[in-house]
Every structure is written in structure tokens, then in C-alpha cells.
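Student: Take this structure, written in C-alpha cells, and hold onto it; I'll ask about it next.
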Amino acid sequence: MSKHFLRPPGAVAEADFLGRCIRCGKCALACPYRAIRVAGLLDGLEIMGTPVILARKSPCYLCLKCVPVCPSGALESRVKKREQVRMGTARLNRKECLNWQGTFCRSCYDHCPLFNEAITMDGELRPVVNEKKCVGCGICEHVCPADPAAIIVTPRGAG
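Position in the sequence shown counted from 1, then plus 30, gives you this note's numbering.
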């Protein structure tokens, strides 16, 4: 697996997460959208058995049903509202973005659950990411019609 995966909402910092997660899979079972999958052997020994989200395939819809079922504290129960989630930050590649290249598109803007907050439109109706508001759910990456996606969520702590 590439390093391009997200952790579920409420995940503690990665090093701490790997120590706390008991690899029970309860968070994956609780997700009604099947966004959370359990990393397998081919994903690497260090993360094997831990929950991952591949935003391009299946983003997090911020239902937060995974958080209260975590028995180990790897997902912090203090996260109760979607605005509190910090899974990562969306990064927009203007060279790949259809809208920035002259083809009208509002996919990321229209589908963002924090509508007109995390992604806004500039004066020329081009998307702009507000990094302070973005929760990193990956919905924007999932719906982006560009191939490769023009907007990619960088996991928290990945820079």
C-alpha cells in the first residue's frame, strides 16, 4: 500500500495509534459506508490489522460511528462532531484541476460536508481549500473527476 491512507476520525498521532490500536476491527465493522478497511499483510507488517481509509476509493462520511466502539483509545472519544475531526488536509493541484484549467467543475465544492467552509470558490469560481476548516474526510478526492485526482488528502502528520 502506498503511504496515502487515512486513519479513522479521532485517531491519535500515528506512532501512538500503532501502540494503542489492538487490531480488533470494531471500527471497520461499525462503519455503515464500509469506508474503513483493515490493512492486510501486503500493506506492511507495521500497519497490518489496523484500520485505514483509502479516500479515492471510499471516503469517510463523518458519521463517527467508529469512534465510540474503539476499546483501546486509538480513536479518541472526545471527537463528537464532524467539525472536530482532523484526519488530514486536502491539497489542490491546480495543474490537474479541471476548474483551474478552464473547464467548469464544482465536484469537490458541492460534495464537501463542510459546505462553503473547507472548500470555497474564489472570484473566478475556482476551488480553494481552507486548511484550517478541512477535516480530511476525503470526499473531495473521491468525487474529483480528474484522473489522477486533482485534490488529494494528505494524512495528518504527513506534512
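Beta carbons are placed, not taken as given, at the ideal position from N, Cα and C, and that holds for glycine.
Roughly how many angstroms lie between the CA atoms of Leu48 and Arg37, to the nearest whole one?
Tutor: If you take the alpha carbons of Leu48 and Arg37, they lie about 11 Å apart.
Student: Do you know offhand how far Ala104's Cα is from Arg121's?
Tutor: 26 Å
Student: Quick one: what's got a C-beta closer than 6 Å to Arg50's C-beta in the same chain, skipping five residues either side?
Tutor: Contacts found: Ser102, Gly103 and Ala104.
Student: What are the boundary residues of the alpha helix (DSSP H) that includes Gly230?
Tutor: Here the chain comprises residues numbered 31 to 189, so residue 230 is not present and cannot be evaluated.
Student: Applying the 10 Å Cβ sphere with the 16-neighbour rule, what's the burial state of Pro39?
Tutor: So Pro39 ends up on the buried side.
Student: Measuring only the C-alpha atoms, how far is Ala41 from Thr80?
Tutor: 11 Å
Student: Give the C-beta separation of Thr119 and Val183 to the nearest angstrom, bearing in mind that I take them to be a contact with Cβ-Cβ under 8 Å.
Tutor: 7 Å
Student: Could you check where the beta strand (DSSP E) with Ala60 kicks off and where it finishes?
Tutor: From DSSP, Ala60 is part of no beta strand (DSSP E) but of the alpha helix (DSSP H) over Lys56 to Ala60.
Student: Buried or exposed: which applies to Pro185, given that a residue is buried once 16 or more other Cβ atoms fall within 10 Å of its Cβ?
Tutor: buried
Student: Taking the Cβ atom as the reference point for each residue, do Ile169 and Cys90 lie within a distance shorter than 9 Å?
Tutor: yes
Student: Would you report the Cα separation of Ile83 and Gly166, rounded to the nearest angstrom?
Tutor: Ile83 and Gly166: Cα-Cα distance of roughly 11 Å.
Student: Going straight from the alpha carbon of Lys125 to that of Val159, what length do you get?
Tutor: 15 Å
Student: Start and end of the beta strand (DSSP E) containing Ile169?
Tutor: First-last for Ile169: Ile169 to Val173, but that is the alpha helix (DSSP H), not the beta strand (DSSP E).
Student: Looking at the unbroken alpha helix (DSSP H) that takes in Asp73, where does it start and where does it end?
Tutor: Asp73 -> no alpha helix (DSSP H), and no H or E assigned at all.
Student: Alpha carbons only, please: which of Ile66, Arg136, Phe134 and Leu92 is nearest the one belonging to Cys164?
Tutor: When each option's Cα is compared against that of Cys164, the closest is Leu92.
Student: For Val165, which of helix, strand or coil comes out of DSSP?
Tutor: coil
Student: Touching or not, the segment 54-69 and the segment 110-119, by the rule of three or more beta carbon pairs under 8 Å?
Tutor: no
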